[in-house]
Amino acid sequence: MSKEKPDFVIMGDSITGAWEAEGKDAWAKNFAPLKSCSFGNAGDGVEHLLWRVQNSGLGKDFQPKLVALLIGVNNLFNADPMDISAGTKNLIDVIRKASPSTKILVIGVFPVGQKSDDVRRQMIKNVNAQYEKLADNKDIFYLDFSSEFIESDGSISKTLIRSDNVHLTAEGYSRYAEKILPKVKEILGK
């Protein structure tokens with residue numbers, strides 16, 4: 156990760172944090188050249204990320220051109236999709252207030268659970284439908300490629316998702332990078 160003040164920041168939970176582990180090669184290839192960094196903590200929900208943003212120095216110590224958010228999966232069993240979306244909208248508002256010129260890219264929550272009938276799958280679809288409504292395509296953008304992680308029979312991709320049916324493999328991080336890099340470059344003007 157860049158030690159300079161970043162132009163591009165990805166924030167989220169353990170999936171974001173693992174850019175430094177399983178995703179390190181994909182990060183080095185795709186995002187390191189962009190003055191970027193990732194802030195992800197295992198177990199974080201929207202409320203935890205909100206606290207971290209409020210205590211991060213965002214707006215004072217650094218003002219990235221773009222913040223990408225991948226958050227919400229850890230809220231699935233203690234909040235409904237509307238509450239998760241409302242919390243994420245609040246998070247976006249806090250980021251934009253601290254750093255008004257920062258653009259936001261909300262990434263659709265990735266699927267979890269091995270089988271298509273996993274109750275969390277429908278919840279994620281509902282969260283993502285709400286996230287899509289947050290985008291104005293001027294300052295706030297939405298990108299959903301969650302279907303990339305699902306096989307044709309509805310099962311989770313074993314090549315892209317680890318055996319815990321939540322976290323990405325190294326190949327999964329390569330796919331993640333491949334899917335967001337064009338939008339990141341477009342927003343950054345690169």
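Our numbering puts the first residue of the sequence shown at 156, with every later residue one more than the last.
All residues carry an ideal CB built from backbone N, CA and C; glycine is no exception.
Note that the structure is predicted; figures quoted are calculated from it, not measured.
A straight-line Cα-Cα distance of about 19 Å links S302 and A290. With fewer than 16 other CB atoms across the displayed protein chains lying within 10 angstroms of its CB, P337 is exposed. In this model, N230 and Y297 are separated by some 19 Å (Cα to Cα). Three or more Cβ pairs closer than 8 Å define a contact, and the segment 213-225 meets that threshold against the segment 252-262. Comparing alpha-carbon positions, the option among L315, S240 and Q269 lying closest to R330 turns out to be L315. If you keep only unbroken alpha helix (DSSP H) runs of at least 4 residues inside the segment 252-291, you get 274-289.
Closest by C-alpha distance to G227, out of P161, G214, S310 and T171, is T171. M278 and L343 have their C-alpha atoms some 31 Å from each other. Taking C-alpha positions only, N245 is separated from V264 by approximately 17 Å. For S193, no alpha helix (DSSP H) encloses it; the enclosing beta strand (DSSP E) starts and ends at S191 to G195. Non-local C-beta neighbours of L213 in its own chain, meaning closer than 7 Å and more than five positions away in sequence, comprise I250, A253 and S254, ordered along the chain. Excluding residues up to 5 positions away in sequence, K258 lie with their Cβ nearer than 6 Å to the Cβ of D294 in the same chain.
Linking M166 to G309 through their CA atoms gives a straight-line distance of about 28 Å. For L336, no beta strand (DSSP E) run applies; the uninterrupted alpha helix (DSSP H) run containing it begins and ends at A325 to L343, by DSSP.
Per DSSP, A183 has no beta-bridge partner at all. By the neighbour-count definition (other C-beta atoms within 10 Å, threshold 16), G195 is a buried residue.
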